[in-house]
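Participant:
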Amino acid sequence: MPDYQSLYRKYRSQTFADLVGQDASSRALQGAIVSGRVAHAYLFSGSRGTGKTSAARLLAKSLNCTERARDTAEPCNRCESCLAVTAGTALDLIEIDAASNRGIDEIRDLREKVNLAPALGPYKIYIIDEAHMLTEPAFNALLKTLEEPPAHVVFVLCTTDAQKIPLTVIGRCQQFVFRRHSEEQIVARLTHIAAEEKVAVDPAAMQLIARTAQGSMRDAVGLLDQLVPLATGPISLDGARSLLGIADPRLLDSLLDDVLAGRAAEALAELNRVYAEGAELRQVVRGLMEGCRDRLVGALGRHDQATARRLSGVLDALLHLDGEVRRHAEPRFLVEATLARLAVESEGVAPSVPPAAVRGETSSPRGEELPKPVPVAVSAPVIPVVGWSDVLEKLNRTVRAVYLDAQPEVDGSVLVLWFKYGFHHKKAQEQSSQLLPHVREWLGDDVKVDFRLRENDLPKAKVASPEDDPFVREIVKRFDGRVTRVKEISE
Ligand SMILES: Nc1ncnc2c1ncn2[C@@H]1O[C@H](COP(=O)(O)OP(=O)(O)OP(=O)(O)O)[C@@H](O)[C@H]1O
Ligand SMILES: [Mg+2]
Ligand SMILES: [Zn+2]
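Each residue of the sequence shown is one higher than the one before, counting from 1291 in the numbering used here.
1. Between the region 1349 to 1362 and the region 1408 to 1424, can you find at least three pairs of beta-carbon atoms closer than 8 Å?
2. Report buried or exposed for residue 1420, applying the criterion of at least 16 other Cβ atoms within 10 angstroms of its Cβ.
3. Under the rule that 16 or more other beta-carbon atoms within 10 Å means buried, what is residue 1717, buried or exposed?
4. Bridge partners of residue 1414, per DSSP?
5. Assuming residue 1455 and residue 1422 form a contact by the criterion Cβ under 8 Å, report the distance between their Cβ atoms to the nearest whole angstrom.
6. With H, G and I counted as helix, E and B as strand and the rest as coil, what does DSSP make of residue 1366?
7. Would you call residue 1752 buried or exposed, if buried means 16 or more other Cβ atoms sit within 10 Å of its Cβ?
8. With a threshold of 7 Å, establish whether the CB of residue 1592 neighbours any heavy atom of ligand 1.
9. Looking at residue 1419 and ligand 2, is the gap between the Cβ and the nearest heavy atom below 7 Å?
10. Using 8 Å as the cut-off, can you tell me whether the region 1428 to 1435 makes contact with the region 1453 to 1467, which would need three or more C-beta pairs spanning the two stretches below that distance?
11. Please name the residue, chosen from 1443, 1387, 1397 and 1478, that lies closest to residue 1406 on a Cα-to-Cα basis.
12. Tell me the rounded alpha-carbon separation between residue 1501 and residue 1578.
13. What is the C-beta distance between residue 1689 and residue 1721, in whole angstroms, given that I count them as a contact (C-beta under 8 Å)?
14. Just to confirm, is the Cβ distance from residue 1569 to residue 1525 under 8 Å?
15. Which ranges would you report for the beta strand (DSSP E) in the region 1449 to 1487 if only whole runs of at least 3 residues count?
16. Residue ranges of each alpha helix (DSSP H) run of no fewer than 4 residues wholly in the region 1676 to 1729, ordered along the chain?
17. On a Cα-Cα basis, can you pick out the residue from 1610, 1426, 1374 and 1359 that is closest to residue 1388?
18. DSSP on residue 1335, reduced to helix/strand/coil?
19. Quick one: Cα of residue 1708 to Cα of residue 1527, how far?
20. Quick one: what's got a C-beta closer than 6 Å to residue 1310's C-beta in the same chain, skipping five residues either side?
21. What's the gap between the Cα of residue 1645 and the Cα of residue 1621?
22. What is the C-beta distance between residue 1564 and residue 1537, in whole angstroms, given that I count them as a contact (C-beta under 8 Å)?
23. How many Å lie between residue 1648 and residue 1596 at the Cα?
24. Using the Cα positions of residue 1473 and residue 1735, report the straight-line distance between them to the nearest angstrom.
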């Protein structure tokens, strides 16, 4: 077996047809190749990981391919020249990484050699990657070459930051802008790669990767690459989430509910739970921003100015937090402090429209069906229970899942666990022998655990119907049945 090759290298586009998106640039380049009107200098600018370097190499390959048919720009990928470009050994393709070779020396060297004829093919192609990193003297030296380019030379400057390229240089180049990929384009590509690699990946997991990659095909393929060796079987949505450190959007949604409704203590408890599940704080903050943005769009659509103003304030604070979280080694307290502050500020200015209705409007942009949240009445003040997440961490995965839904409160020597769903409430009691030793370790041997169901506290009209419980829905779906009778269980 050859050495392990990362998926993103293995699946670098080797033909224009295999270059995803970038239709306008791709078509223009192919047209220039076929008609023999190739410019002396190109500037490929745009978002990272969208195919700039790939397209530059394709151009080089196509120009020096010895077997290419006249009416197509596609390289043959079989001739000696093509194989050398693919392998990275082509003498007539010179790649300069400006990020590590910023200096004048490389460009001087380039100026000396640029006039030498190509070694094998008709063209000598210089790819200057991360071109914005060149120093000013280097740019000046490059400019001299661009002013009188030898006929057999093609320059391709690639950059994610065209603003930093001097206008004098841009003026000498034909510029193509590479666009971010859509989630659909990314999912389609990942599906193709997964099929080639013979790994099963849940479509919802692909969707999650696509969203996380934020338009960068390289990031998306890189994330898939991380998942494949770690997964033991098919890659599920939950598996992808926990491996990528991404929180369940439903948990984030209810965290945002708490913050917006001014439930500071519950927000902190919810944050602890998300954290205990293994989510990365950066992803948590990003998830909250996404949720907030969705609701803001909803509020604007309803012309609900008050809510919109409030949400845009929260979004601002989250944006700031996002920047801070990146800088801190231990950002947990930062996130806690910000969410607590936002929640305290929200007290009394909670949105006039219940969050459920807001969410209904923007109807799940993530393509996931969210269970109708049970409106939780603001109950007696809850003490944020810090040690609870440590207890959760000590449980094994399946048992932990049962308790994740619990809101803990310590009341004297009693640990009260509130549950939103009857199924979890019941399961939690059945599994209590697994939980108790850890709780005793935490709160002492005399501690008692009281399991309570939140729904019972609510006025009847507010209680979600039993069909809305995710567990019931799952059963109904699996057995293709329906709920015919609901029996109240009195405690
Ligand atoms: N348009 C695309 N079609 C198919 N795969 C792509 C595309 N863009 C990027 N990729 C994937 O990402 C990898 C890196 O792409 P490439 O180096 O061309 O991106 P780039 O735009 O030059 O990125 P950077 O701005 O970071 O230099 C490729 O090997 C391929 O796996
Ligand atoms: Mg590149
Ligand atoms: Zn060829």
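Where is the CB? At the ideal position from N, CA and C, for every residue including glycine. Quantities reported herein were computed from a predicted structural model and do not represent experimental measurements.
Facilitator: Reading from the atomic positions:
1. yes
2. As a working note, residue 1420 is residue 130 in the sequence shown. Classification for residue 1420: buried.
3. As a first step, residue 1717 must be located in the sequence shown, where it is residue number 427. Buried, because 16 or more other Cβ atoms sit within 10 Å of the Cβ of residue 1717.
4. Position 124 of the sequence shown, counted from the start, is the residue given in the question as residue 1414. Beta-bridge pairing links residue 1414 to 1443.
5. Position 165 of the sequence shown holds residue 1455. Position 132 of the sequence shown holds residue 1422. Indeed they touch by this definition, with Cβ atoms about 6 Å apart.
6. Position 76 of the sequence shown, counted from the first residue, corresponds to residue 1366. Coil.
7. Looking up residue 1752 in the sequence shown gives position 462. Its pLDDT being 40, under 50, residue 1752 is placed unreliably by the model, and the measurement read from it follows with that caveat. Residue 1752 comes out exposed.
8. Residue numbering aside, residue 1592 sits at position 302 when the sequence shown is read from its first letter. It does not: the Cβ of residue 1592 is nowhere closer than 7 Å to a heavy atom of ligand 1.
9. Counting from 1 along the sequence shown, the entry for residue 1419 is found at position 129. Yes - ligand 2 has a heavy atom lying nearer than 7 Å to the Cβ of residue 1419.
10. yes
11. Taking the first residue of the sequence shown as 1, we reach residue 1406 at position 116. Checked all of 1443, 1387, 1397 and 1478; the closest Cα to residue 1406 is 1443.
12. The sequence position of residue 1501 within the sequence shown is 211, counting from 1. The sequence position of residue 1578 within the sequence shown is 288, counting from 1. Residue 1501 and residue 1578: Cα-Cα distance of roughly 14 Å.
13. Looking up residue 1689 in the sequence shown gives position 399. Looking up residue 1721 in the sequence shown gives position 431. That pair is a contact at about 5 Å.
14. The count along the sequence shown starts at 1 and reaches residue 1569 at position 279. The count along the sequence shown starts at 1 and reaches residue 1525 at position 235. Result no, Cβ atoms of residue 1569 and residue 1525 do not sit closer than 8 Å.
15. 1464 to 1468
16. 1678 to 1684, 1687 to 1693 and 1712 to 1720
17. Position 98 of the sequence shown, counted from the start, is the residue given in the question as residue 1388. Of the candidates 1610, 1426, 1374 and 1359, the one whose C-alpha sits nearest the C-alpha of residue 1388 is 1426.
18. By 1-based counting over the sequence shown, the position of residue 1335 is 45. Residue 1335: strand per DSSP, three-state reduction.
19. Within the sequence shown, the letter at position 418 stands for residue 1708. Within the sequence shown, the letter at position 237 stands for residue 1527. Their backbone Cα atoms lie some 27 Å apart in a straight line.
20. For the purposes of this step, residue 1310 is identified with residue 20 of the sequence shown, where counting begins at 1. Excluding positions up to five away in sequence, the list reads 1475 and 1479.
21. Looking up residue 1645 in the sequence shown gives position 355. Looking up residue 1621 in the sequence shown gives position 331. Any answer about residue 1645 is weak, because its pLDDT of 45 lies below 50 and its placement is not dependable; what the coordinates show is given next. Straight-line Cα distance between these residues: approximately 28 Å.
22. In the sequence shown, the residue the question calls residue 1564 occupies position 274. In the sequence shown, the residue the question calls residue 1537 occupies position 247. Going by Cβ atoms, the distance from residue 1564 to residue 1537 rounds to 5 Å, so yes, they are a contact pair.
23. Position 358 of the sequence shown, counted from the start, is the residue given in the question as residue 1648. Position 306 of the sequence shown, counted from the start, is the residue given in the question as residue 1596. Below a pLDDT of 50, predicted positions are generally treated as unreliable, and residue 1648, at 40, falls in that range; the measurement from the model is reported next regardless. Taking the straight line from one Cα to the other gives about 14 Å.
24. Here residue 1473 corresponds to residue number 183 of the sequence shown, with the count starting at 1. Here residue 1735 corresponds to residue number 445 of the sequence shown, with the count starting at 1. Between residue 1473 and residue 1735, the C-alpha separation is close to 52 Å.
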